[in-house]
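Asks: Numbering (UniProt numbering), first residue to last: 1 to 405.
Using N, Cα and C, we set each Cβ at its ideal position, and we do this for glycine too.
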Amino acid sequence: MVKLTNPACDCTRGTITKVTDDFHITPTTPTVLRHTALSSHFESGPLEYTTMFFFSNFFRRIRTYVVTATFTVASILSSLIPGIPSPTLPTPPVTTTTSPTSPTTPSTEPSEPSEPTPEPSEPTPEPSEPTPEPSEPSEPTTPAEPTGVINYVSLGDSYAAMGSFNVGHDGPSYCYRSLDNYGQVILNGEKIVGTDVSCSGAEADSIYGHQWVPRAGAMLPPQVDALSEDTQLVSVTVGANDLGQYDFGQCVIGAVREQKVSDCAPQFEDKIWTEMDNLPSELDKAYAAIREAAPNAHIVTGGYMPILTENDQCRETALVGQADRQLTIDMITELNKVVEAAANRNGATYVMPEGAENHTACAAPSERWVEFLGYPTSTYPMHPTKIGHRKMAEAMLEAAEQFEY
């Protein structure tokens with residue numbers, strides 16, 4: 001059997017076995033056969049082909065009309081009479097004819113694209129652990145006992161800041177805040193925390209106002225900025241620079257280093273005594289600022305340990321002129337009186353290590369609490385030595401033990 005798939009083709013003559021839109025013929029003698037999807041006709045050929053084709057097509061149409069009429073009548077009856085099911089047309093079987101000898105030729109027509117495979121959805125997150133039910137409130141805890149730690153701040157000038165020059169420094173380099181000064185010694189003690197803001201060159205108004213440091217071109221904040229309501233202990237040594245002691249001391253040491261007898265008193269003594277008269281009010285302002293910034297603090301005031309006494313004679317001070325020697329002694333003595341009086345007026349505790357007059361710059365190097373030229377104790381000139389700072393720290397801590405914190 002040969003299946004005609006082309007609407008117009010040249011075929012061999014044969015016997016028609018079935019007439020449909022796609023019909024089959026059995027080849028016999030050569031003839032010409034034409035077929036279209038809408039109408040079929042023969043341009044040439046025997047009469048029997050035309051007769052058979054006519055009757056076959058006629059009966060096929062009659063059958064179609066009968067089936068359609070029957071389906072229509074049944075549909076009307078099912079809608080009028082309950083219980084009669086609606087008719088359905090039988091689905092004709094699909095017949096697939098393949099050629100046993102012809103190999104399958106791949107179709108050149110593009111196939112319809114298949115639906116894209118849906119992307120996998122995100123994995124369902126694992127259920128989180130159930131929130132634990134709140135536990136019953138525990139019994140209130142008893143506050144911890146006070147630890148006994150003291151919050152401490154060290155204020156002041158170079159007598160508080162400067163010690164050994166070879167042990168390192170804390171804070172700005174121009175403050176010369178030695179790591180072995182008395183404030184640092186106190187901070188290294190047990191149950192003491194805080195800070196040291198003392199600075200070389202500070203005056204009484206540097207406690208409550210800004211300090212200008214000419215050699216560094218720097219402006220420092222008021223030292224009381226380091227205080228707070230939590231501050232419990234404050235130490236302070238200040239007042240000497242208000243008198244101009246630094247300038248006077250530089251003059252004396254400069255002459256001695258040049259191997260000359262110093263003669264500086266006439267140049268500085270008037271200013272020293274004038275400023276001594278003004279110092280009490282300046283100290284009162286400093287204490288008022290401390291009280292305001294640290295209302296709960298106890299204040300310990302350190303005095304100025306003597307550099308020389310009337311009986312001191314040693315190689316280091318041999319070139320100090322007599323007038324300069326006397327002015328040095330008188331100035332330190334009067335300064336300590338003013339400082340002690342101001343401390344008493346403002347509720348502070350004045351401290352001077354016992355026996356300081358026996359440990360001046362003329363004592364043996366291992367016994368010196370104050371240095372003059374600075375060697376051999378590696379101390380800044382005319383300032384306390386490492387031992388002197390330790391003695392001052394011990395005296396301050398002893399005074400602080402009487403306070404309640």
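Alpha carbons only, please: which of Tyr182, Asp284 and Asp225 is nearest the one belonging to Ala294?
Replies: Numbered from its first residue, the sequence shown carries residue 294 at position 294. That would be Asp225, whose Cα lies nearest to the Cα of Ala294.
Asks: Based on DSSP bridge pairs, tell me the residues matched to Met219.
Replies: Counted from its first residue, the sequence shown places residue 219 at position 219. In the DSSP output, where bridge partners are listed per residue, Met219 has Trp212.
Asks: Quick check: the segment 370–385 against the segment 345–361, are at least 3 beta-carbon pairs closer than 8 Å?
Replies: At 8 Å Cβ cutoff, the stretches touch.
Asks: Helix, strand or coil, according to DSSP, for Tyr375 in the structure here?
Replies: Start at 1 with the first residue of the sequence shown, and residue 375 comes out as number 375. Reduced to three states, the DSSP call for Tyr375 is coil.
Asks: Please check the pair Val351 and Gly303, which I expect to be a contact at CB under 8 Å, by giving their CB distance rounded to whole angstroms.
Replies: Sequence index remark: in the sequence shown, residue 351 carries index 351 (1-based). Sequence index remark: in the sequence shown, residue 303 carries index 303 (1-based). Confirmed, Cβ separation roughly 7 Å.
Asks: By how many angstroms is the C-alpha of Thr360 removed from the C-alpha of Thr379?
Replies: Here residue 379 refers to the residue found at position 379 of the sequence shown. Here residue 360 refers to the residue found at position 360 of the sequence shown. Those two C-alpha atoms are separated by around 13 Å.
Asks: Would you kindly work out how many angstroms separate the C-alpha atoms of His298 and Ala255, rounded to a whole number?
Replies: Start at 1 with the first residue of the sequence shown, and residue 298 comes out as number 298. Start at 1 with the first residue of the sequence shown, and residue 255 comes out as number 255. Approximately 42 Å, taken between the alpha carbons.
Asks: Let me confirm a value: Cys264 is counted as buried when at least 16 other C-beta atoms fall within 10 Å, else exposed. Which label applies?
Replies: Your numbering for residue 264 matches position 264 in the sequence shown. Cys264 should be labelled buried.
Asks: How is Ser164 classed by DSSP in three states: helix, strand or coil?
Replies: In the sequence shown, counting from the first residue as 1, residue 164 sits at position 164. In this structure, Ser164 counts as strand in the three-state DSSP scheme.
Asks: At what residues does the alpha helix (DSSP H) containing Val370 begin and finish?
Replies: Residue 370 sits at position 370 when you count from the first residue of the sequence shown. Neither: Val370 is in no alpha helix (DSSP H) and is coded neither H nor E.
Asks: When burial is assigned at 16 or more other CB atoms within 10 Å of the CB, is Arg345 buried or exposed?
Replies: What you label residue 345 is simply residue 345 of the sequence shown in a count that begins at 1. With fewer than 16 Cβ atoms within 10 Å of its Cβ, Arg345 is classed as exposed.
Asks: Can you give the Cα-Cα distance for Glu398 and Lys260, rounded to whole angstroms?
Replies: In the sequence shown, counting from the first residue as 1, residue 398 sits at position 398. In the sequence shown, counting from the first residue as 1, residue 260 sits at position 260. About 43 Å.
Asks: Let me know if Tyr375 comes out buried or exposed under the rule of 16 or more other beta-carbons within 10 Å of its beta-carbon.
Replies: Residue mapping note: residue 375 aligns to position 375 of the sequence shown, counting from 1. Tyr375 comes out exposed.
Asks: Once you ignore the five residues that flank Thr349 on each side, which residues in its own chain have a CB closer than 6 Å to its CB?
Replies: For the purposes of this step, residue 349 is taken as the residue at position 349 of the sequence shown. Once the five neighbours on either side are set aside, the close Cβ partners of Thr349 are Val300 and Ala399.
Asks: Using 10 angstroms around the beta-carbon of Thr237, count the other beta-carbons present and answer buried if the total reaches 16, otherwise exposed.
Replies: Here residue 237 is taken as the residue at index 237 of the sequence shown, counted from 1. Thr237 should be labelled buried.
Asks: Using the rule of at least 16 other Cβ atoms within 10 Å of the residue's Cβ for burial, across every protein chain shown, is Cys199 buried or exposed?
Replies: Reading the sequence shown from its first residue, position 199 is the one you call residue 199. The residue in question, Cys199, is buried, as its Cβ has 16 or more Cβ neighbours within 10 Å.
Asks: Within a Cβ cutoff of 8 Å, which residues of the same chain sit near Asn336, ignoring the five residues on either side of it in sequence?
Replies: Position 336 of the sequence shown, counting from 1, holds the residue named residue 336. Gly303, Tyr304 and Met352, listed in sequence order.
Asks: Put Ser262 into one of helix, strand or coil per three-state DSSP.
Replies: Residue 262 sits at position 262 when you count from the first residue of the sequence shown. Coil, per DSSP.
Asks: Taking 7 Å as the limit between beta carbons, can you name the residues of its chain near Thr195, skipping five residues before and five after?
Replies: Taking the sequence shown and counting its residues from 1, the one referred to as residue 195 is at position 195. Excluding residues within five positions, the ones whose Cβ falls inside 7 Å are Val153 and Ala226.
Asks: Just tell me which of Val252, Ser228 and Met219 has its CA closest to the CA of Ser262.
Replies: Walking along the sequence shown from the start, residue 262 turns up at place 262. Cα-wise, what sits closest to Ser262 is Val252.
Asks: With H, G and I counted as helix, E and B as strand and the rest as coil, what does DSSP make of Ser111?
Replies: Within the sequence shown, residue 111 is the residue found at index 111, counting from 1. For Ser111, the pLDDT reaches just 43, beneath the cut-off of 50, and the residue's location in the model is therefore unreliable, leaving the point undetermined.
Asks: Look up Val351 in the DSSP assignment and give the residues it is bridged to.
Replies: As a working mapping, residue 351 is identified with position 351 in the sequence shown. According to DSSP, Val351 bridges with Gly302.
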